[in-house]
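Below you'll find the structure, written out as structure tokens, and then a few comments.
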Amino acid sequence: MYDPIEVSEDDVVRYLKQHPHFFEDQQNLLKKLHLKHDSGMAVSLIERQNHILRKENTDLIDRLNQFIRVAQRNDQLFLNLQTLVVELIACRSINEISKTLNRVLTERFDVDDVQMVLTNRLTTDGDNWLYCDTDTLVNHFPAAMKEARHECGEFDLQARQLLFGDSEIKSVAIGSITKDGKGIGIIALGSRSASHFRSSTDTLFLGHLAKVVSQLLVTL
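Numbering (this note's numbering), first residue to last: 23 to 242.
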């Protein structure tokens, strides 16, 4: 007599994957197979398969719609950034650059406050941007100043107060202003929502804006 062969669930799964048309020749078996549905009722294998395929199709449509929404948002961001850059190019002073950044970013980019901070220019009465010594800015924003890296997040209260005083800003996006590859200042975008600027927020558009401002400052 032969010893019985033990067949595991993995063996069955592996066989069915290797023979996806197995049930085409096993119609009677297919009729007898029933699976538990989410509703608790027993359904046939074909019904369950259709249910899974419909769910996968719905999930794919949802993902596609999400991609479309993201693409539309990026298109609008690009158009708004294009408008902002054109206006910045026409500026003839640091104050004009600062005013333009504040006006356009708060009107078109879902930003509550904007501040430009420089370490290589001293402010005078009437200036609407901030001067800060290099050590202080490096201490609060080392990524922007040391690595010319743009970043987003809540930051600590002291850093937010340095930029926006006692306002209700809860999260900040920091763009690095550079000269010859070294950080000389920052563009800070503030939001009253703590979740608006997250550490995972993409900084592609902010980085492009910071490069434009960096180049314009060289000529002033």
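For glycine and all other residues, C-beta sits at the position ideal for the given N, C-alpha and C.
With 16 other CB atoms within 10 Å as the buried threshold, where does residue i fall?
i      : result
Tyr37  : exposed
Ala232 : buried
Ser30  : exposed
Leu159 : buried
Thr105 : exposed
Asp32  : exposed
Leu184 : buried
Ser236 : buried
Ala210 : buried
Ser193 : buried
Ser222 : exposed
Leu75  : exposed
Ala64  : Per-residue confidence for Ala64 stands at a pLDDT of 49, beneath the threshold of 50, marking its modelled position as unreliable; the derived number appears in the next sentence. Exposed, by the Cβ-count rule.
His218 : buried
Between which two residues does the beta strand (DSSP E) containing residue i stretch?
i      : result
Ile119 : Not the beta strand (DSSP E): Ile119 falls in the alpha helix (DSSP H), residues 116-130.
Ser246 : The question about residue 246 has no answer, for the chain in this structure spans 23 to 242.
Asp135 : 135-140
Of all the options the options, which has the alpha carbon lying nearest to the alpha carbon of residue i?
i      : options                        : result
His162 : Arg171, Phe177, Asp149         : Phe177
Leu228 : His172, Gln183, Thr105         : His172
Lys168 : Asp134, Ile206, Thr146, Leu110 : Ile206
Asp188 : Leu179, Ala195, Val194         : Leu179
Gln98  : Phe131, Asp47, Arg182          : Phe131
Thr141 : Leu152, Gly148, Val35          : Leu152
Ala170 : Lys201, Leu82, Ala112, Asn96   : Lys201
His230 : Gln94, Thr241, Thr145, Phe100  : Phe100
Leu242 : Ala112, Glu78, Lys77           : Ala112
Thr225 : Thr145, Glu109, Asn96          : Asn96
Anyone know if the C-beta pair for residue i and residue j falls short of 8 Å?
i      : j      : result
Arg220 : Gly175 : yes
Ile191 : Ile199 : no
Val136 : Thr128 : yes
Arg143 : Ile116 : yes
Lys121 : Asn150 : yes
Ala216 : Ile196 : no
Between which two residues does the alpha helix (DSSP H) carrying residue i extend?
i      : result
Arg143 : Looking at the DSSP string, Arg143 is not in any alpha helix (DSSP H), and its letter there is neither H nor E.
His230 : 226-240
Val35  : 31-40
Under 8 Å between C-beta atoms, does residue i make it to chain D?
i     : result
Ile90 : Note that chain D does not occur in the displayed structure, where there is just one protein chain.
Entirely within the region 153-218 and at least 3 residues each: give me those beta strand (DSSP E) ranges in chain order.
-> 173-175, 193-201, 204-213
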